[in-house]
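See below:
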(Lines of atoms letter the chains of each structure in order from A; the text may use other names.)
(Lines give C-alpha, C1' and ligand atoms only; values in the text may rest on other atoms or scores of the structure.)
Protein backbone atom coordinates (compact mmCIF):
# COMPACT_ATOMS: atom_id res chain seq x y z
CA UNK A 382 0.00 0.00 0.00
CA UNK A 383 1.50 3.33 -0.96
CA UNK A 384 2.11 6.11 1.56
CA UNK A 385 -0.97 8.23 0.86
CA UNK A 386 -3.30 5.20 0.93
CA UNK A 387 -1.85 4.11 4.27
CA UNK A 388 -2.31 7.58 5.74
CA UNK A 389 -5.83 7.69 4.29
CA UNK A 390 -6.76 4.40 5.92
CA UNK A 391 -5.24 5.51 9.23
CA UNK A 392 -7.26 8.75 9.10
CA UNK A 393 -10.44 6.77 8.39
CA UNK A 394 -9.76 4.62 11.44
CA UNK A 395 -8.94 7.71 13.48
CA UNK A 396 -12.38 9.17 12.71
CA UNK A 397 -13.84 6.42 14.90
CA UNK A 398 -12.16 8.08 17.88
CA UNK A 399 -14.17 11.25 17.33
CA UNK A 400 -17.54 9.50 17.52
CA UNK A 401 -16.42 7.08 20.28
CA UNK A 402 -16.67 4.00 18.08
CA UNK A 403 -14.39 1.27 19.43
CA UNK A 404 -11.61 0.14 17.13
CA UNK A 405 -12.12 -3.30 15.59
CA UNK A 406 -9.56 -6.10 15.62
CA UNK A 407 -8.81 -5.29 11.98
CA UNK A 408 -8.23 -1.65 12.93
CA UNK A 409 -5.79 -2.68 15.67
CA UNK A 410 -4.01 -5.09 13.36
CA UNK A 411 -3.60 -2.48 10.65
CA UNK A 412 -2.42 0.27 13.02
CA UNK A 413 0.04 -2.08 14.71
CA UNK A 414 1.36 -3.24 11.35
CA UNK A 415 2.09 0.42 10.58
CA UNK A 416 4.39 0.71 13.61
CA UNK A 417 5.93 -2.77 13.44
CA UNK A 418 7.24 -2.46 9.89
CA UNK A 419 9.59 0.01 8.25
CA UNK A 420 7.63 3.15 7.31
CA UNK A 421 8.08 6.89 7.29
CA UNK A 422 7.76 8.97 10.45
CA UNK A 423 4.48 10.28 9.01
CA UNK A 424 2.95 6.80 8.96
CA UNK A 425 4.30 6.01 12.44
CA UNK A 426 2.96 9.28 13.83
CA UNK A 427 -0.49 8.93 12.25
CA UNK A 428 -0.89 5.33 13.46
CA UNK A 429 0.32 6.19 16.97
CA UNK A 430 -2.05 9.15 17.20
CA UNK A 431 -4.96 6.92 16.17
CA UNK A 432 -4.04 4.44 18.92
CA UNK A 433 -3.32 7.02 21.62
CA UNK A 434 -6.48 9.05 20.96
CA UNK A 435 -8.65 5.96 21.31
CA UNK A 436 -9.62 4.37 24.62
CA UNK A 437 -7.54 2.81 27.39
CA UNK A 438 -7.86 -0.60 25.74
CA UNK A 439 -5.96 0.77 22.76
CA UNK A 440 -3.31 2.15 25.07
CA UNK A 441 -3.01 -1.26 26.75
CA UNK A 442 -2.51 -2.86 23.33
CA UNK A 443 0.11 -0.25 22.41
CA UNK A 444 1.97 -0.85 25.68
CA UNK A 445 1.79 -4.64 25.24
CA UNK A 446 3.12 -4.41 21.68
CA UNK A 447 5.77 -1.76 22.39
CA UNK A 448 8.73 -4.17 22.24
CA UNK A 449 7.74 -5.39 18.78
CA UNK A 450 7.53 -1.87 17.32
CA UNK A 451 10.25 -0.35 15.15
CA UNK A 452 12.79 1.68 17.11
CA UNK A 453 11.77 5.01 15.59
CA UNK A 454 8.09 4.25 16.27
CA UNK A 455 8.98 3.52 19.90
CA UNK A 456 10.75 6.87 20.23
CA UNK A 457 7.75 8.66 18.71
CA UNK A 458 5.35 6.78 21.01
CA UNK A 459 7.08 7.81 24.26
CA UNK A 460 6.00 11.47 24.32
CA UNK A 461 2.54 10.48 23.09
CA UNK A 462 2.13 8.10 26.02
CA UNK A 463 3.17 10.92 28.35
CA UNK A 464 0.32 13.07 27.02
CA UNK A 465 -2.42 10.73 28.24
CA UNK A 466 -4.46 10.70 31.43
CA UNK A 467 -3.99 6.95 31.86
CA UNK A 468 -1.80 5.95 34.79
CA UNK A 469 -0.71 2.70 33.13
CA UNK A 470 1.16 4.71 30.49
CA UNK A 471 3.23 6.37 33.20
CA UNK A 472 3.85 3.08 35.01
CA UNK A 473 5.02 1.64 31.70
CA UNK A 474 7.35 4.58 31.00
CA UNK A 475 8.85 4.27 34.48
CA UNK A 476 9.46 0.54 33.94
CA UNK A 477 11.18 1.36 30.64
CA UNK A 478 13.25 4.06 32.34
CA UNK A 479 14.34 1.54 34.96
CA UNK A 480 15.43 -1.22 32.59
CA UNK A 481 16.62 0.42 29.37
CA UNK A 482 20.29 0.71 28.46
CA UNK A 483 19.57 3.08 25.58
CA UNK A 484 20.65 6.60 26.47
CA UNK A 485 18.41 7.95 23.70
CA UNK A 486 15.40 6.23 25.26
CA UNK A 487 16.37 7.48 28.73
CA UNK A 488 16.60 11.03 27.36
CA UNK A 489 13.24 10.76 25.58
CA UNK A 490 11.43 9.32 28.60
CA UNK A 491 13.04 11.88 30.91
CA UNK A 492 12.03 14.78 28.69
CA UNK A 493 8.50 13.45 28.30
CA UNK A 494 8.02 12.93 32.04
CA UNK A 495 9.45 16.31 33.01
CA UNK A 496 7.02 18.12 30.75
CA UNK A 497 3.85 16.06 31.20
CA UNK A 498 0.63 17.62 32.43
CA UNK A 499 -0.04 14.51 34.53
CA UNK A 500 0.53 14.64 38.28
CA UNK A 501 3.64 12.49 38.06
CA UNK A 502 5.41 13.51 41.28
CA UNK A 503 3.64 10.96 43.55
CA UNK A 504 4.57 8.17 41.13
CA UNK A 505 8.19 9.34 41.00
CA UNK A 506 8.43 9.53 44.80
CA UNK A 507 6.98 6.03 45.08
CA UNK A 508 9.63 4.78 42.65
CA UNK A 509 12.38 6.03 44.99
CA UNK A 510 11.92 2.73 46.84
CA UNK A 511 14.69 1.17 44.80
CA UNK A 512 18.21 -0.13 45.28
CA UNK A 513 19.05 0.57 41.63
CA UNK A 514 21.46 3.52 41.78
CA UNK A 515 21.24 4.20 38.03
CA UNK A 516 17.45 4.35 38.22
CA UNK A 517 17.59 6.63 41.26
CA UNK A 518 19.87 9.02 39.36
CA UNK A 519 17.42 9.04 36.47
CA UNK A 520 14.52 9.76 38.82
CA UNK A 521 16.56 12.49 40.50
CA UNK A 522 17.23 14.11 37.15
CA UNK A 523 13.53 14.10 36.30
CA UNK A 524 12.53 15.52 39.70
CA UNK A 525 15.22 18.20 39.41
CA UNK A 526 13.97 19.15 35.94
CA UNK A 527 10.37 19.24 37.17
CA UNK A 528 11.62 21.73 39.71
CA UNK A 529 11.26 22.41 43.39
CA UNK A 530 8.16 24.59 42.93
CA UNK A 531 6.23 21.68 41.40
CA UNK A 532 7.59 19.05 43.80
CA UNK A 533 7.15 21.06 47.01
CA UNK A 534 3.31 20.96 47.12
CA UNK A 535 3.47 17.17 47.17
CA UNK A 536 6.19 17.00 49.83
CA UNK A 537 4.47 19.52 52.08
CA UNK A 538 1.40 17.27 52.35
CA UNK A 539 3.31 14.68 54.37
CA UNK A 540 3.84 14.91 58.12
CA UNK A 541 7.42 13.82 57.43
CA UNK A 542 9.20 14.39 54.13
CA UNK A 543 9.57 11.05 52.34
CA UNK A 544 13.12 10.23 51.30
CA UNK A 545 14.31 13.40 53.01
CA UNK A 546 18.01 12.72 52.45
CA UNK A 547 17.40 12.17 48.74
CA UNK A 548 15.52 15.47 48.44
CA UNK A 549 18.13 17.33 50.50
CA UNK A 550 20.81 16.11 48.09
CA UNK A 551 18.61 17.05 45.14
CA UNK A 552 17.30 20.48 46.14
CA UNK A 553 19.55 21.51 49.03
CA UNK A 554 19.09 21.82 52.78
CA UNK A 555 17.63 25.33 52.64
CA UNK A 556 14.68 24.34 50.49
CA UNK A 557 13.88 21.22 52.49
CA UNK A 558 14.17 23.19 55.75
CA UNK A 559 11.72 25.70 54.27
CA UNK A 560 9.21 22.87 53.75
CA UNK A 561 9.72 21.66 57.31
CA UNK A 562 9.03 25.15 58.66
CA UNK A 563 5.72 25.26 56.79
CA UNK A 564 4.48 21.94 58.18
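In this note's numbering, the protein residues as written are 382 to 564. The beta-carbon is built from N, C-alpha and C at its ideal position, and this holds for glycine as well.
Under the rule that 16 or more other beta-carbon atoms within 10 Å means buried, what is residue i, buried or exposed?
i	result
residue 489	buried
residue 510	exposed
residue 506	buried
residue 426	buried
residue 532	buried
Quick check: the Cα distance between residue i and residue j, rounded to an integer number of angstroms?
i	j	result
residue 466	residue 536	22 angstroms
residue 478	residue 442	19 angstroms
residue 559	residue 530	12 angstroms
residue 517	residue 543	14 angstroms
residue 520	residue 556	19 angstroms
residue 422	residue 538	43 angstroms
residue 484	residue 515	12 angstroms
residue 524	residue 444	24 angstroms
residue 547	residue 491	18 angstroms
residue 429	residue 400	18 angstroms
residue 482	residue 534	32 angstroms
Does DSSP put residue i in a helix, a strand or coil?
i	result
residue 559	helix
residue 541	coil
residue 516	helix
residue 403	coil
residue 510	coil
residue 501	coil
residue 485	helix
residue 522	helix
In chain order, what residues of the same chain lie with their CB nearer than 6 angstroms to the CB of residue i, ignoring the 5 residues before and after it?
i	result
residue 424	387 and 415
residue 434	398
residue 456	489
residue 527	495
residue 475	508
Below 8 angstroms CB to CB, which residues in the same chain sit around residue i once its five sequence neighbours on both sides are set aside?
i	result
residue 394	404, 408, 411, 412 and 431
residue 337	Shown here, the chain extends from 382 to 564; a query on residue 337 therefore has no answer.
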